[in-house]
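The structure under discussion appears below in the form of structure tokens.
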Amino acid sequence: MTEPALALRGLAKSFGGARALDGVDLTVGAREIHGLLGHNGSGKSTLVKVLSGYHAPDPGAELRLFGESLRLPMTLVEQRARGLAFVHQNLGLVPQLSVLENMRVADITGGGRPFIDWRAQRRAAAASLRQFGLPIDPDQPVSSLTPVERALVAIVRAFAAIASNRRGRELHGLLVLDEPTPFLARDDVDRLFRLMRQVVSEGASVLFISHDLDEVLEITDRATVLRDGRVAGSFETRQAGRERILELIAGHAPVVGSGRDRGGGVRAPPVARSAEVAFEVRDLAGPLLQPLDLALRRGEIVGLTGLLGSGYERVLHHLFGAAPATRGVLQAGAERIDLPSLVPADAVRAGLAFLPGDRQGASGAGGLAVLDNVLLPDLRRFFGGGRLQWPRMRAHARRLAERHRVRPPDVDMKLASLSGGNAQKVLLAKWLDVGPRLLLLEEPTQGVDVGAREDLWNAIREVAAGGTVVLCASSDLEQLEALCDRVLVFARGRCRAEVGGGSLSKAELLRQCYAAVAA
Amino acid sequence: MSGAPVVRGSSPVAALVERFALVGAWLAVIAGFGIALPGSFLTWQNFAVMFASQAPAALLALALIVPLTCGDYDLSGGATVTLAAVILGVLNVNHQEPIGLALALALAAGVLVGTVNAFFIVYVRIPSLVVTLGTASLVTGFVQWFSDSSTISGLDATFVDWIITKQLFGISYAFYVAVLVALLLWYVFEYTPLGRRMLFVGKGREVARLNGIRVDHVRAGALVASSVLATLAGIVYAGVLGSADPFSGLNFLLPAFAAAFLGATSIKPGRFNAWGTFIAVYFLASGITGLSMFGIPLWVTSAFNGAALIVAVTLSQFARGRVESDLG
Amino acid sequence: MSGAPVVRGSSPVAALVERFALVGAWLAVIAGFGIALPGSFLTWQNFAVMFASQAPAALLALALIVPLTCGDYDLSGGATVTLAAVILGVLNVNHQEPIGLALALALAAGVLVGTVNAFFIVYVRIPSLVVTLGTASLVTGFVQWFSDSSTISGLDATFVDWIITKQLFGISYAFYVAVLVALLLWYVFEYTPLGRRMLFVGKGREVARLNGIRVDHVRAGALVASSVLATLAGIVYAGVLGSADPFSGLNFLLPAFAAAFLGATSIKPGRFNAWGTFIAVYFLASGITGLSMFGIPLWVTSAFNGAALIVAVTLSQFARGRVESDLG
Amino acid sequence: DAAADGIAHAARQIEKHRAKPVFVAPGAPFDAQKCAAGRKMLSVPNSSANPFLKGIIKREVEVGKQLGLTVQEWQNQGQPSQWAQGVEFAVRNKFDIVNLISGVDPKTLEPQIRAARAAGVKTMTSHFYDPSQPQNPLVAASLPVGFNAIGKLLADWAILRSNGNAQIVVIKSSEVPPTEPLMRGLRDELAAHCPKCRIVNEVNVGVTEWATKIQSSLQSALLANPGVNWVIPIYDSMSQFVVPAIQITGRKGKVKVATFNGTPFVLDYVRNGDVDMNIGESLDWIAHATIDGYLRALCGLPVPKDIGVPFYLFDAGNVKDAGVPAKFDQGYGSDYVAGFRRLWGLAK
Ligand SMILES: Nc1ncnc2c1ncn2[C@@H]1O[C@H](COP(=O)(O)OP(=O)(O)OP(=O)(O)O)[C@@H](O)[C@H]1O
Ligand SMILES: Nc1ncnc2c1ncn2[C@@H]1O[C@H](COP(=O)(O)OP(=O)(O)OP(=O)(O)O)[C@@H](O)[C@H]1O
Ligand SMILES: [Mg+2]
Ligand SMILES: [Mg+2]
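Chains as they are written, first to last, in my numbering: chain A, 955 to 1473; chain X, 2 to 329; chain Y, 2 to 329; chain L, 16 to 363.
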């Protein structure tokens, strides 16, 4: 049959005005492995979540599955009948529940059958695990698995679902994988690919999301690139060259050039190698991080990057004690901080500051006002005459909001009701304001619009110029280029390369990132 | 057993110990008092009596674990027990209605209470604790009005016979009502998709949604079920007493919650489960029975309740390495 | 006022309505009964008396909002009230100890209860609901033993005078104790870094942790503070009655929670706050007093409590567009 | 021998209370209407949820109407702080009498009662103290009930019906003040008149815990002591938990119950044979006697030292007089009504 497996027309999805998806057309042919690429925040996962019925799309979208026209959001029954199976980016597992329950969730929570035959379920789960060669006890809680194992469980779950949906001898269905590979070792990736080829050969189709160009080139027949919620291009993978794809992903963003020029203008001259070392990281290692040594000079802005799952952001978590390191020391001048035993409270007292990537979740309390959030780190400043001086606090918060162009500049508004980008401005302003000795930034400008980005960059450069050391973990290469003195590139938990000085350019970084994985 | 998986923390051994610690404790209590009071405590009759008279408590505790599994509290359970008992009394005795009708209306009242709870919790999105706190005192008010705050005795004799006089293996039917409900919940929780849906809703609302589970429907259903089971507890309570007592609802609530949480430390540690709850109720009852046979003053029993709860949960917390539990 | 921010969902007007709805309701109740019973209800003395005799209730409600702000429940509050009263009675009356010593020991008992709660909740990581359920019945058992379950009267006369006889503006000092505590909590919540830390701990533990707040310390402190304030409530209660009553603990608990949640719908909607709680207590008390003066049957008062709570919270939920509230 | 004498003594005591109660004037006739004119009384029950007390108050209101005495109930949920508010309410609204009925212990309200007295409001208690107990000095007048005598009667009944061999489990609530004299009477009588009788077990259950603890602890007591043949729940509302305990432990018929209060549903138990005997008092009589006594106190006349409402024993023989189903005031005769009206000068 020649009907495409999936045909999406004019798919749009906005979050309170933010268009995560903006008129996306996507066609996945029958028996085709289709790649979906795009930089962070380009809308890939949102597209997946719309398909899975988690998000209702904006009106006007058309969907055809195997030639049959359907309304979005699809009900669970509709999806299962048509053999849709997902591996979500966040995997969609419940940690407290067992591997068995998570793997068989579709079966055991689905209506239809009157009761659950656990023997059969356990057999099925065990079989799928065996087929993937996973030595995992189905009765283990998912919380006891390593991230790799968790990813594998989610993958196995999806494959099992597809494999169970046959029409005659033909497999029938669409397997959607949202960035399944980052956590996987090379041979796991190979096993994954073998399985993908197998299900396709038996009649199913696959939508495969990844940042890893080599993977995409290796496995996909066709691919589509998203940029800022729009389709930047769609092509036969074999035809498209690596460089062309990179260009489609990066796009021709207006600020790249200008950002660089102005960036160059504003940026403090590259910190002289002579500048004194303010912090020294020795032998830092963590569950997903290979040993790392690093010397940070006063006023230096150091970037950390890599493809998703390469673990670069964990350096920040361990340095701040947000997630315990397995070993390592942070030498701050005379002060010697033992990282495995470090807790955030002590980190803050030692003059560290950390802006997590997951912004609503961990870095700000959405239910509280901008004012509350922006002044939290150091309230003692405003504690005079035995009381917090709200007028002063409000005034100060207003200044910060204006300085960082928070829209609307109403500091009594709930953080949650600010736009993503504006919320991000608030949270960054919070730390910039207290002038820490070591500032740890994870995706400092995610979701921030272009103009405001420049302002935040300048603010960051300013604190750096004041002597603060900045570690900036980001997958936004343009940002790293504009901001950093040097950038460390990670892959699979190890620092593979350092790019700095003249050679520090977006293109070079992109090359290094993909080189690193390949390595 | 090859039932639903038992999620375990550390080693298989520790897990097994954890699962059956409560049963062990129960047996220990029985053994202890049995040795001390062989003639009186360790008799079939003693247990028969205890099983029957604790049946309402067991039913209420079982009622509570339904919404607890979905992550909601039902504080109106105690008041609902009284409501059912009083409806039986007023209709069957004061108004001379046939018992059948009275029973039907009592259960209907349960549906009503549950629906009100569900509306405010699921639709208006008020925390369950707040809503059921409110409905509890609303129901109490209604009960006081409806019963004129006086005990009503003289319930339909055949009804009372069926609950308490008729026996199987020397145990009144009341007990078997509780057993049946425990079996039902065990079956639903362990062997039906609905049960798994409830579990996923309770443990991870987001993932539940991601897997297409209608979270609101499940929660609402659980709240209604809880109230209906509470009325069933009230019916059995009325049967056991042979009269309708308009006051005691609240006194049953906290012990029932204690049993529910205690039960969640065993059989399926970390999850509210029917048999764990059932055992918890009778473990506490055995302890108290033994103590009072010794003629130990009643204040000891209050202390015993509290101590047993804390000790049991603490042990199971250490067994699982003090991870933040997601109960309560 | 230009104090801490009042976060609002929607329009400023709706926000203002929301903030002062409860105050409005209170005034309405007063106006209503005032018109109906001008001579008796609408008198300064009536309010003076109500203010004084409800002081213990207000203190307990205020005690509860401390851990609630940090996201923990303290169900042992009611039992702790009784504990303090009984300690006063037994020591000061039965054992003839000086009242000063008795007071000191009563407060010390509060610290002890709070510390035990904190240990199991924060260190062992058992849900606060479970732990305090347990300690509540432990404390109850102790109280029954310690007081021999009987009311103890004849408390030190000067102590009683200070609580209830001595008056300011015709209101017994008891009331001003509650006012002082409300002031203190208001000051701590609004005007100290500690208060902000508690708020963040309650609204987002992970956020608090990553901003360098020692979450465990804050929670433990709140639990101890709560128990100590509960003992203070018990002390005032004993003073108001001039005697120690070992039983009414539980009767106080649920109304106090109701007041706390009701209070969280006003003044600073969406947050537990001192003045909101304070007003809620007296709003409910005014309603009940008015009803009793009318000789309205008792069941109405019970219903009134529940209805008031649900209606108020529902209104404020609709005012904020039914977003999942993070109370309770 | 001693046993036989004891049984004979018990029989004599019982006989006294088998006869229909006769009205005995509590004092000299007086012009009650003149005395009551324009006076107001606030009745504060232990809890408005208690039908026994509610019944008394309802009848006080009616009796009051005949005499021009305004009687109002202070609705409360049994919380001392609400009683306190009641007393204050009476003070503010110029009531003449605060009537603390059965269970509201003046000592739990001393500050308020002191204030009331200062304001010229008389606080009186009825159906609360035993004559042997000293009344609280702040109380203007009190109409005690012979709880001690009731204890003795309960003992006598058990002695008589068990042929001097009663093995007794007692259910009591120590926190209620009348319990002490009642228990004293019970013990003394058994000690004095029944060498073989024994109180096997005294179970003390707080009123708030009746529902959760009476049944289970009585069951245990019965199973632990097969010899027990009597259960005496000293307040009859306990029996709704006592009766099922006996039933379920299979002791029905072997274990007999005697109790006190005359609450209708318990009289129904007597009719059905679940309870052997219940000592009753007429609520209406109590209401009349209370108002009579209080008015005497109010007008400076000598106050009877006892509420003077006779105890009447209901057993299978006479319980039908109480009505089917039983009512609160039936079976006590009604000559007391005429009696009081004559005393008060409402009828000659
Ligand atoms: N629930 C949500 N509410 C608000 N904004 C959202 C929500 N989910 C996603 N977004 C926004 O939509 C945009 C697209 O997000 P999406 O997760 O689809 O990006 P992505 O392509 O998957 O990025 P990545 O490669 O990092 O996974 C981002 O700006 C994100 O901030
Ligand atoms: N839940 C909410 N309640 C009130 N206002 C809101 C809410 N969500 C968004 N807004 C307001 O709507 C406007 C648009 O928000 P939106 O999230 O769409 O911005 P955005 O386009 O995503 O900007 P950014 O690119 O910075 O994320 C903002 O002014 C924001 O304050
Ligand atoms: Mg994504
Ligand atoms: Mg946005």
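Glycine included, each C-beta is placed from N, C-alpha and C at the ideal position.
All figures in this text were calculated on a predicted structure; none of them were measured in a lab.
Considering just the uninterrupted stretch of the beta strand (DSSP E) at residue i, what are its terminal residues?
{"i": "Ile268(Y)", "result": "From DSSP, Ile268(Y) is part of no beta strand (DSSP E); its letter is neither H nor E."}
{"i": "Ala1436(A)", "result": "Per DSSP, Ala1436(A) belongs to no beta strand (DSSP E); it is in the alpha helix (DSSP H), Leu1431 to Leu1437."}
{"i": "Lys69(L)", "result": "Segment Pro66 to Leu82 is the alpha helix (DSSP H) holding Lys69(L); no beta strand (DSSP E) there."}
{"i": "Glu125(L)", "result": "Unbroken run through Glu125(L) is the alpha helix (DSSP H), Glu125 to Ala133; no beta strand (DSSP E)."}
{"i": "Pro248(L)", "result": "Trp245 to Pro248"}
{"i": "Met139(L)", "result": "Lys137 to Ser141"}
{"i": "Asp291(L)", "result": "Asp291(L) -> no beta strand (DSSP E), and no H or E assigned at all."}
Starting from residue i, trace the alpha helix (DSSP H) both ways and give me its first and last residue.
{"i": "Cys50(L)", "result": "Ala47 to Ala51"}
{"i": "Pro194(Y)", "result": "Pro194 to Lys204"}
{"i": "Ala156(L)", "result": "Counting along the chain, Ala156(L) falls outside any alpha helix (DSSP H), though it belongs to the beta strand (DSSP E) covering Ala156 to Leu158."}
{"i": "Gln1244(A)", "result": "Where Gln1244(A) is concerned, there is no enclosing alpha helix (DSSP H), although the beta strand (DSSP E) it sits in stretches over Leu1243 to Arg1251."}
{"i": "His96(X)", "result": "Unbroken run through His96(X): none, as it is neither H nor E."}
{"i": "Glu1254(A)", "result": "Counting along the chain, Glu1254(A) falls outside any alpha helix (DSSP H), and DSSP gives it neither H nor E."}
{"i": "Gly264(X)", "result": "Gly250 to Gly264"}
Please return the same chain residues whose Cβ sits closer than 7 Å to the Cβ of residue i, not counting the five positions on each side in sequence.
{"i": "Thr278(L)", "result": "Phe67, Asp251 and Ser252"}
{"i": "Asp1366(A)", "result": "Ala1323 and Leu1325"}
{"i": "Asp171(L)", "result": "Ala25, Gln28, Ile29 and Glu204"}
I need the DSSP call for residue i, collapsed to helix, strand or coil.
{"i": "Tyr74(Y)", "result": "coil"}
{"i": "Glu1234(A)", "result": "strand"}
{"i": "Met56(L)", "result": "strand"}
{"i": "Ile165(X)", "result": "helix"}
{"i": "Ala226(X)", "result": "helix"}
{"i": "Pro1345(A)", "result": "helix"}
{"i": "Tyr327(L)", "result": "strand"}
{"i": "Arg1216(A)", "result": "The predicted model places Arg1216(A) with a pLDDT of 36, which falls under 50 and marks its position as unreliable, so this point remains unresolved."}
{"i": "Asn212(X)", "result": "coil"}
Below 6 Å CB to CB, which residues in the same chain sit around residue i once its five sequence neighbours on both sides are set aside?
{"i": "Leu1131(A)", "result": "Val1041 and Phe1162"}
{"i": "Ala304(L)", "result": "Ile322, Gly323 and Val324"}
{"i": "Asp336(L)", "result": "Gly346"}
{"i": "Pro1027(A)", "result": "Gly1007 and Ala1010"}
{"i": "Lys35(L)", "result": "Gly348"}
{"i": "Ala260(L)", "result": "Gln230, Leu233 and Gln234"}
Hey, residue i and residue j are a contact pair by Cβ (cut 8 Å); roughly how many whole angstroms apart?
{"i": "Pro1331(A)", "j": "Gly213(Y)", "result": "7 Å"}
{"i": "Arg220(Y)", "j": "Ile66(Y)", "result": "Going by Cβ atoms, the distance from Arg220(Y) to Ile66(Y) rounds to 14 Å, so no, they are not a contact pair."}
{"i": "Thr264(L)", "j": "Val50(X)", "result": "6 Å"}
{"i": "Leu328(L)", "j": "Ile294(L)", "result": "6 Å"}
{"i": "Pro57(Y)", "j": "Ser150(Y)", "result": "Pro57(Y) to Ser150(Y), Cβ: 20 Å. No contact."}
{"i": "Arg985(A)", "j": "Gly1157(A)", "result": "6 Å"}
Sort out for me which residues DSSP pairs residue i with in a bridge.
{"i": "Cys1449(A)", "result": "Phe1444(A)"}
{"i": "Glu1124(A)", "result": "Arg1121(A)"}
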